[in-house]
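Number of protein chains: 2
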Amino acid sequence: METAPPRRRRVGREQLLAAALRLFARDGIQTTSLQDIATEAGVTKAGLYYHYKTKDEIVLDVLRPSLDELPTVTRRAEAHRTRAARVDEVLGGIIDIALDENSGFAVLMKDPYLQQLLSQQESMRRWWDDATTLILGPAPDVEARIGLVMFINGLSGTSRDPVLAPLDDRSRRQQLLACGRRLLRAEQPTEA
Amino acid sequence: METAPPRRRRVGREQLLAAALRLFARDGIQTTSLQDIATEAGVTKAGLYYHYKTKDEIVLDVLRPSLDELPTVTRRAEAHRTRAARVDEVLGGIIDIALDENSGFAVLMKDPYLQQLLSQQESMRRWWDDATTLILGPAPDVEARIGLVMFINGLSGTSRDPVLAPLDDRSRRQQLLACGRRLLRAEQPTEA
DNA sequence: GTCTATACGCCGATAGAC
DNA sequence: GTCTATCGGCGTATAGAC
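If you're matching them up, the sequences are chains A and G in order. If you read the first sequence in numbering that gives the first Met the number 0, its first letter stands for residue 0, the second for the next number, and so on. If you read the second sequence in numbering that gives the first Met the number 0, its first letter stands for residue 0, the second for the next number, and so on.
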């Protein structure tokens, strides 16, 4: 891609993405039609199609900043020597992304449509394999693998649940991390 | 409802539901159109409409046997005197439903469309409140509530995950229940 | 009471004019 | 780069045959 058009654009992808995120957050992904996004951004439906070939492309582009952060999380975790420290780094990193109100991920992670879409993304599956190996080792036991799967599946539904509402950001992070540690039978790391 | 029609039907809801479940399980709920279900059952799309006014009605009717079982689970749990025993009864009951291959719930629980649909059902929300009180008491601490939310959200994604594939049904139940106990900080009950 | 024929308005997506 | 026009398919809905 990126045939590098030297000219600046009039509406630009940024405005389309901003409009899309606004509507996705308010109404959900599936409920928001391309017509809605186009109207909100001030173009026609077909005008959208110049920038994005499919609706999925729009959704994924809204998420790009968050998704790009995932490899950074695992890279940081690789530096730690103990398993407990790596677990905290990876789980904490994911939780941070999930709790960041300004990221598309936080807004959309719980969206049913997105979960389906992400599981089809090859790059996402590869990252997940890396993260699993990093946390559980090359030959993990079934118990730990199940715990990790439950944490990831549970996080998306939990991070925006009303039970977290009375807590501040630091407490939320702490509570969710504690859940992850319990599921993985991991101790609180002593280093760092 | 139940205006008790004395005559028997030619195709009957049972066959429609069987066809729907078959396609839902194979292709997912959203991918399956009413036209697909009608063709599979041997009627026209409008023929479906005589029995069900909306697609959601079909989905909910496929689930009815499973959903009807939930109150039974909480009723059984009320008989126990210790919290640990109640936790095991409720969590175990939900896990059993989620793992039963012959129930619509097991097939559809992980389906994104369904999770959205169920959260809109008033009866479902009421049951969830009951179950929460039963397990955590009338004034639960935040930690336990978060653990329970993560378990429920995580179960639907975990119960059909490939990591469970090598296990038999008894081991699957055991592993998932162990996850729930850890999240709720509940001991294995000594009674029963 | 059970089904078919037909249609409505909206969807995501495409072709081609300006 | 953005438009109008159009496509096939969707969920939903009514009229009326049997």
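The C-beta atom is built at its ideal place from N, Cα and C for all residues, glycine as well.
Pair within 9 Å by beta-carbon distance, residue i and residue j
| i | j | result |
| --- | --- | --- |
| G:Val-162 | A:Val-141 | yes |
| A:Leu-116 | A:Leu-59 | yes |
| G:Leu-182 | G:Leu-135 | no |
| A:Leu-69 | A:Ile-93 | yes |
| A:Asp-110 | A:Phe-23 | yes |
| G:Ile-145 | A:Gln-174 | yes |
| G:Met-149 | G:Leu-66 | no |
| G:Leu-98 | G:Ser-158 | yes |
| A:Thr-73 | A:Asp-129 | yes |
| G:Gly-156 | A:Gly-179 | no |
| A:Ala-76 | A:Ala-83 | no |
| A:Leu-107 | A:Leu-62 | yes |
| G:Ala-19 | G:Thr-31 | yes |
| A:Gly-27 | A:Ala-37 | no |
Check: residue i C-beta below 8 Å from any heavy atom of the ligand PLP
| i | result |
| --- | --- |
| G:Arg-124 | In the structure on display, the ligand PLP does not appear, and there are no ligands present to speak of. |
Closer than 9 Å to chain G by CB, residue i
| i | result |
| --- | --- |
| A:Glu-121 | no |
| A:Ile-207 | Shown here, chain A extends from 0 to 191; a query on residue 207 of chain A therefore has no answer. |
| A:Thr-2 | Confidence at A:Thr-2 is low in this model, with a pLDDT of 45, below 50, so the placement of that residue should be treated as unreliable; the coordinate-derived value is given next. No, A:Thr-2 does not count as interfacial toward chain G. |
| A:Gly-103 | no |
| A:Thr-132 | no |
| A:Gly-136 | no |
| A:Arg-181 | yes |
| A:Asp-160 | yes |
| A:Met-149 | yes |
| A:Gln-174 | yes |
| A:Arg-6 | Confidence at A:Arg-6 is low in this model, with a pLDDT of 41, below 50, so its placement is unreliable and no value can be given for it. |
| A:Thr-157 | yes |
Residue-chain proximity (residue i, chain A), Cβ-Cβ < 9 Å
| i | result |
| --- | --- |
| G:Ile-93 | no |
| G:Arg-75 | no |
| G:Asn-152 | yes |
| G:Glu-142 | yes |
| G:Pro-165 | yes |
| G:Arg-214 | Look at the range of chain G in this structure, 0 to 191, and you will see that residue 214 of chain G is not part of it. |
| G:Ala-177 | yes |
### Query
Does the stretch 183-190 of chain A come close enough to the stretch 82-99 of chain A to have 3 or more Cβ pairs within less than 8 Å?
yes
### Query
Between the stretch 120-136 of chain G and the stretch 99-107 of chain G, do at least 3 Cβ pairs fall closer than 8 Å?
no
### Query
Hey, which unbroken runs of the alpha helix (DSSP H) at 4 residues or more fall wholly within the stretch 112-176 of chain G?
121-135 and 141-157
### Task
May I have a chain-ordered list of the alpha helix (DSSP H) segments no shorter than 4 residues that lie completely inside the stretch 38-107 of chain A?
44-50, 54-77, 82-98 and 103-107
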